[in-house]
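Counting from 482, one number per residue, gives the positions in the sequence shown under the numbering used here. By construction, the Cβ of each residue, glycine as well, lies at the ideal position given by its N, Cα and C atoms. As the structure is a computational prediction, the values presented were derived from the model and not from experiment.
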Amino acid sequence: MPRRPLRPAVPAALAGAALLALTACAPAAEEAAPAPSVSVSSSPTPSNIPTFSRAPTEVRLPADCKAMLSADVLAQLGTIPLNDPSLGPSGVQPDGSITCIWRDPAADTTGLITTISRMNRGPALDMLNDLVATQGFSCYTPDAGTRCEKTWINAAYPVNDGRTLYWRDDVLIDTQYSNLAPTGYTASIIASIFG
Numbered sequence: 482m483p484r485r486p487l488r489p490a491v492p493a494a495l496a497g498a499a500l501l502a503l504t505a506c507a508p509a510a511e512e513a514a515p516a517p518s519v520s521v522s523s524s525p526t527p528s529n530i531p532t533f534s535r536a537p538t539e540v541r542l543p544a545d546c547k548a549m550l551s552a553d554v555l556a557q558l559g560t561i562p563l564n565d566p567s568l569g570p571s572g573v574q575p576d577g578s579i580t581c582i583w584r585d586p587a588a589d590t591t592g593l594i595t596t597i598s599r600m601n602r603g604p605a606l607d608m609l610n611d612l613v614a615t616q617g618f619s620c621y622t623p624d625a626g627t628r629c630e631k632t633w634i635n636a637a638y639p640v641n642d643g644r645t646l647y648w649r650d651d652v653l654i655d656t657q658y659s660n661l662a663p664t665g666y667t668a669s670i671i672a673s674i675f676g
């Protein structure tokens, strides 16, 4: 969520490094993964297409908005209502994604919305690169993934708004918030999903 401001030269360097990292490097987990073994028969027939001895591991998406958060993060969220029906679709969606809305429907601005969904590497990195290039997001590569974030002042109220995205292993965690940024929120979700 929000971080301390950096010296003016540092954000520009980070943005350039992020663009390079996003376009040139895969997350470290992918780099460290062992190459799958391939078995090929000696007869030259169409059935001799290489076969891989291990299937790709699919990361399980969370199914509970509270269970994926640490006790400390839940304590910071306190009594803020979760997934009030008046705020729109939330919880587990038909496609397996999950949307968590922490907000009092009577509040003008305070709240956060997190959507966790599947997104392949190419589209994810294109989207993150676009956020850097067109909207001034800063990106870096913690926890074997790619994280991009930006904060700004709310247009109607003197509070901070922001957005944090984290992509790893075809899973995208996308959080948009206003005046509500619990410390360790995204890190708690990452730990819950990826261990």
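- For R649, count neighbouring Cβ atoms within 10 angstroms of its own Cβ and tell me buried if that reaches 16, exposed if not. buried
- Would T595 be called buried (16 or more neighbouring beta carbons within 10 Å of its own) or exposed? buried
- Going along the chain, which residues of its own chain have a beta-carbon closer than 7 Å to the beta-carbon of S673, five neighbours each way excluded? P543 and M549
- Message: If you measure between the beta carbons of R628 and Y658, is that distance less than 8 Å?
- Response: no
- Please report how far the alpha carbon of S669 lies from the alpha carbon of L593, in whole angstroms. 15 Å
- Task: Look at the Cβ atom of I671, then the Cβ atom of D607, and state whether they are nearer than 8 Å.
- Result: no
- Message: On a Cα-Cα basis, can you pick out the residue from T590, A556, N564 and A552 that is closest to P639?
- Response: T590
- Message: For D545 and G665, which I take to be in contact (beta-carbon distance under 8 Å), what is that distance rounded to the nearest angstrom?
- Response: Rounded, the Cβ-Cβ distance is 18 Å, inconsistent with contact.
- Exposed unless 16 or more other CB atoms sit within 10 angstroms - verdict on T560: exposed
- Query: Is the beta carbon of T632 less than 8 Å from the beta carbon of G617?
  - Reply: no
- Query: If you drop the 5 nearest sequence neighbours on each side, which residues of the same chain put their C-beta closer than 6 Å to that of D565?
  - Reply: P586
- Task: Under 6 Å Cβ to Cβ from M600, same chain only, skipping five residues before and after it: list those, please.
- Result: L653
- Smallest Cα separation from S697: which of P570, T645 and D576? This structure cannot speak to residue 697, because the chain is shown only from 482 to 676.
- Message: Could you pull the DSSP bridge partners for D642 from this structure?
- Response: W633 and S659
- Nonlocal neighbours in the same chain, by C-beta distance under 6 Å from I582, ignoring five residues either side: N564, L568, S571 and I594
- Unbroken beta strand (DSSP E) runs of length 3 or more, entirely within the region 553-623: which are they? 579-584, 592-599 and 619-621
- Task: Check whether the Cβ atoms of T615 and E630 lie closer than 8 Å to each other.
- Result: no
- Item | Euclidean distance between Cα positions of D611 and S551 | 31 Å
- Looking at the structure shown, is R488 part of a helix, part of a strand, or coil, going by DSSP? Note on R488: pLDDT 39, under 50, position unreliable in the model; no value is reported.
- Query: L555 to V613, Cα distance in whole Å?
  - Reply: 30 Å
- For T627, which three-state DSSP category applies? strand
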